[in-house]
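Every letter in the sequence shown is one number past the one before it in the UniProt record's numbering, and letter 220, counting from 1, is 220.
Don't be surprised by glycine CBs; every beta carbon is placed ideally from N, CA and C.
Here the structure is a predicted model, which is why all the values come from computation and not from measurement.
Everything below concerns the one structure shown next.
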Amino acid sequence: MLINLLETFIKMKFLINNSIVYNSDDGSLVNKNSADDIIVLPHMAARVLTCLLINAGKVVPREAIFDYVWSGNEMLASNNSLTQYVSFIRKTLTDLECQEELIKTIPRVGFYLSGDNVSNYKDGGFSLLKDVFFRKYLFAILSFMILLMVLLYQIFFLKDRLTNKELFYFGKIDSCKIYTLKKVSEHDFASIRSRIEKMVENENFNIACTKGFSYVYQSDERISLEGKGREFISRCNISGEKDNIISACNGVYINARNY
1 MLINLLETFI KMKFLINNSI VYNSDDGSLV NKNSADDIIV LPHMAARVLT
51 CLLINAGKVV PREAIFDYVW SGNEMLASNN SLTQYVSFIR KTLTDLECQE
101 ELIKTIPRVG FYLSGDNVSN YKDGGFSLLK DVFFRKYLFA ILSFMILLMV
151 LLYQIFFLKD RLTNKELFYF GKIDSCKIYT LKKVSEHDFA SIRSRIEKMV
201 ENENFNIACT KGFSYVYQSD ERISLEGKGR EFISRCNISG EKDNIISACN
251 GVYINARNY
């Protein structure tokens with residue numbers, strides 16, 4: 001009868017000492033004031049704690065705990081094992097900043113956990129493990145989404161950006177003209193030329209010179225000063241009397257390393 005009653009509560013969450021949240025479903029414990037630190041109890045220790053929490057306010061005989069925790073388990077129940085699990089639970093609660101010894105040993109009988117220190121915890125039904133994971137990695141997820149939006153913007157709106165820019169003739173690679181979005185000084189010409197050639201020759205970029213197409217190149221000032229930084233190159237169809245019609249652009253590449 002006791003086992004059946006306990007099993008109906010197996011997926012409950014408890015608030016211990018008004019600070020620690022325990023999820024009996026996954027055995028997780030976390031201080032709600034510092035949710036990044038989460039501890040997951042071993043399976044048997046979790047069942048011991050669940051049994052004590054469900055019976056908070058009552059002395060729980062060792063035999064009742066044996067019946068609940070070890071029932072249907074191949075491991076043999078013993079007073080020594082139970083004492084070790086209780087000690088482990090006490091230490092875990094202390095690690096989570098619960099200084100008060102909540103679990104009292106009743107000599108020759110069992111254990112007691114005050115009902116004043118235990119209450120049901122409602123948080124919308126999510127597992128503590130999922131809650132903490134979401135909170136911990138929310139910033140990384142948002143950062144990835146922002147980066148993705150920036151990349152999509154560069155890919156799909158590049159043509160419009162280039163159309164509104166004055167292009168400066170730089171030179172040629174085979175039959176393909178090269179344009180830049182700003183004038184390149186004589187001092188930087190050779191190094192920029194070398195970088196463009198290596199980007200075009202890079203098979204991973206897939207922007208080899210194709211008849212009827214030209215290149216548009218842009219880089220930040222760090223390229224000239226340090227030889228590394230942000231840059232892009234795009235192979236486009238550039239036509240019109242003043243080379244002002246840009247279409248069919250293929251490939252935008254951002255590079256932050258030396259060639």
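* Asked: So, Phe170 versus Val184, is the Cβ gap smaller than 8 angstroms?
  -> yes
* **Which residues DSSP lists as bridging residue 300, in chain order** => Not covered by the structure: residue 300. The range shown for the chain is 1 to 259.
* Output the distance between the C-alpha atoms of Leu53 and Leu76, rounded to the nearest integer angstrom. => 23 angstroms
* **Nearest residue (CA-CA) to Ile16, options Tyr179, Asn80, Ser71 and Gln99** => Gln99
* Taking the C-alpha atoms as reference points, what is the distance between Glu197 and Ile245? -> 24 angstroms
* Is DSSP giving Glu231 helix, strand or coil here? -> strand
* To do: Tell me where the alpha helix (DSSP H) around Lys122 begins and ends.
  => From DSSP, Lys122 is part of no alpha helix (DSSP H); its letter is neither H nor E.
* Asked: Does DSSP put Thr83 in a helix, a strand or coil?
  -> helix
* If you drop the 5 nearest sequence neighbours on each side, which residues of the same chain put their C-beta closer than 7 angstroms to that of Cys209? -> Ile173, Asp174, Ser175, Cys176 and Val200
* Taking 8 angstroms as the threshold, find out whether the stretch 51 to 67 comes into contact with the stretch 108 to 115 through three or more Cβ pairs. => yes
* If you drop the 5 nearest sequence neighbours on each side, which residues of the same chain put their C-beta closer than 7 angstroms to that of Phe213? -> Cys176, Arg235, Cys236 and Asn237
* To the nearest angstrom, report how far apart Glu250 and Ala140 are at their CA atoms. => Just to set this straight, residue 250 is Asn in the shown sequence, not Glu. Approximately 30 angstroms between the Cα atoms of the pair.
* Asked: With which residues is Val40 paired in a DSSP beta bridge?
  -> Ser28
* **Span separating the alpha-carbon of Asp26 from that of Val40** => 7 angstroms
* **Backbone CA spacing between Glu231 and Leu142 [nearest angstrom]** => 25 angstroms
* Asked: Taking the C-alpha atoms as reference points, what is the distance between Ser127 and Lys182?
  -> Bear in mind that a pLDDT of 48 at Ser127, under 50, signals an unreliable position, so the number given afterwards is only what the model happens to contain. If you take the alpha carbons of Ser127 and Lys182, they lie about 55 angstroms apart.
* To do: Would you check if the distance between the CB atom of Ser114 and the CB atom of Leu102 is smaller than 8 angstroms?
  => yes
* To do: In angstroms with no decimal places, state the Cα-to-Cα distance between Leu29 and Asn117.
  => 15 angstroms
* To do: Please confirm whether Ile89 and Val59 have their CB atoms less than 8 angstroms apart.
  => no
* Asked: Quick one, are the C-beta atoms of Tyr217 and Ile207 less than 8 angstroms apart?
  -> no
* Taking the Cβ atom as the reference point for each residue, do Ala46 and Ser24 lie within a distance shorter than 8 angstroms? -> yes
* Rounded to a whole number of angstroms, what is the C-alpha to C-alpha distance between Phe168 and Leu147? -> 29 angstroms
* Coarse secondary structure for Ser127, derived from DSSP in three states -> Low confidence applies to Ser127: its pLDDT is 48, below 50, so where it sits in the model is not reliable, and the reading given next is rough at best. Coil, per DSSP.
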